[in-house]
Amino acid sequence: MLVCLLLPVLTFSQTSGKVIKISDGDTITILLKGNQQKKLRLAEVDCPEKGQAFGKNAKQYTSGQVFGKTINFIETDKDRYGRSIAKVYYDNGKYLSKELIKAGMGWWYFFYSNDASLGKLQEKAQQKKIGLWQDNQAIAPWEYRKIKREAGSKKNEAFKANGKAKEII
Numbered sequence: 001m002l003v004c005l006l007l008p009v010l011t012f013s014q015t016s017g018k019v020i021k022i023s024d025g026d027t028i029t030i031l032l033k034g035n036q037q038k039k040l041r042l043a044e045v046d047c048p049e050k051g052q053a054f055g056k057n058a059k060q061y062t063s064g065q066v067f068g069k070t071i072n073f074i075e076t077d078k079d080r081y082g083r084s085i086a087k088v089y090y091d092n093g094k095y096l097s098k099e100l101i102k103a104g105m106g107w108w109y110f111f112y113s114n115d116a117s118l119g120k121l122q123e124k125a126q127q128k129k130i131g132l133w134q135d136n137q138a139i140a141p142w143e144y145r146k147i148k149r150e151a152g153s154k155k156n157e158a159f160k161a162n163g164k165a166k167e168i169i
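Okay, structure coming up:
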């Protein structure tokens with residue numbers, strides 16, 4: 001009985017669109033009906049950043065999987081930048097985040113996921129040294145972003161200190 005009541009909700013919450021842009025490994029833009037564009041941040045995976053090792057590889061992988069294809073997606077949340085976080089499905093039900101993790105092109109984003117099977121896929125990729133796991137010094141994207149933020153903050157502090165020093169002289 002409950003399944004019958006939820007079926008319409010599940011059906012309507014899933015949307016489709018054509019992938020028209022790949023920003024990076026875990027961010028795509030789709031074209032919806034009526035020529036409306038929507039940026040989607042993939043749920044449960046965090047891919048290397050643009051300036052990070054394997055960032056280009058992750059973007060190319062995502063492009064090879066979904067660019068130009070019509071995908072189905074289920075929005076799960078919004079991120080702090082206002083992007084929709086979504087589970088993206090393509091080619092008869094493949095889950096893009098899962099495929100990225102299996103291919104060693106992204107980390108299981110365990111902070112925002114309860115799906116431990118994705119963690120097991122990451123472990124397998126690590127053991128087999130697939131994709132980014134070939135690099136023994138691979139840095140998780142959230143750590144990379146933190147390092148960049150801290151470096152930027154130190155630059156700002158140094159700039160402010162130098163600016164004040166000039167005013168005093």
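Under UniProt numbering, the residue at position 133 of the sequence shown is numbered 133, and the numbers go up by one with no gaps. Ideal Cβ positions, reconstructed from N, Cα and C, are used throughout, including at glycine.
{"query": "With 16 other Cβ atoms within 10 Å as the buried cut-off, status of L100", "result": "buried"}
{"query": "Cβ pair count under 8 Å reaching 3, the stretch 110-123 against the stretch 21-30", "result": "no"}
{"query": "Inter-residue Cα distance where the pair is W133 and R145", "result": "19 Å"}
{"query": "Inter-residue spacing [alpha-carbon to alpha-carbon] between W142 and D46", "result": "8 Å"}
{"query": "Cβ pair count under 8 Å reaching 3, the stretch 75-87 against the stretch 122-130", "result": "no"}
{"query": "Same chain, Cβ closer than 7 Å to F67, neighbours up to 5 away in sequence not counted", "result": "V19 and I22"}
{"query": "Through-space distance from S63 to K39, alpha-carbon basis", "result": "15 Å"}
{"query": "Contact check, F73 vs Q14, beta carbons under 9 Å", "result": "yes"}
{"query": "Assigned exposure category for S153 - 16 Cβ within 10 Å defines buried", "result": "exposed"}
{"query": "Pairwise C-alpha distance: E44 and G112", "result": "The sequence given here places Tyr at residue 112; Gly does not occur at that position. Spanning the two alpha carbons is a distance of roughly 6 Å."}
{"query": "Contact under 9 Å by Cβ, N57 with M105", "result": "yes"}
{"query": "Simplified DSSP assignment, three categories, for Y109", "result": "coil"}
{"query": "Per-residue DSSP class, three states only, for Y95", "result": "strand"}
{"query": "Cα-Cα separation, D79 to K59", "result": "20 Å"}
{"query": "One or two residues paired with S84 in a DSSP bridge", "result": "L40 and K78"}
{"query": "Between the CA atoms of N35 and W108 - distance to the nearest angstrom", "result": "32 Å"}
{"query": "Sheet register partners of D46 (DSSP bridge)", "result": "W107"}
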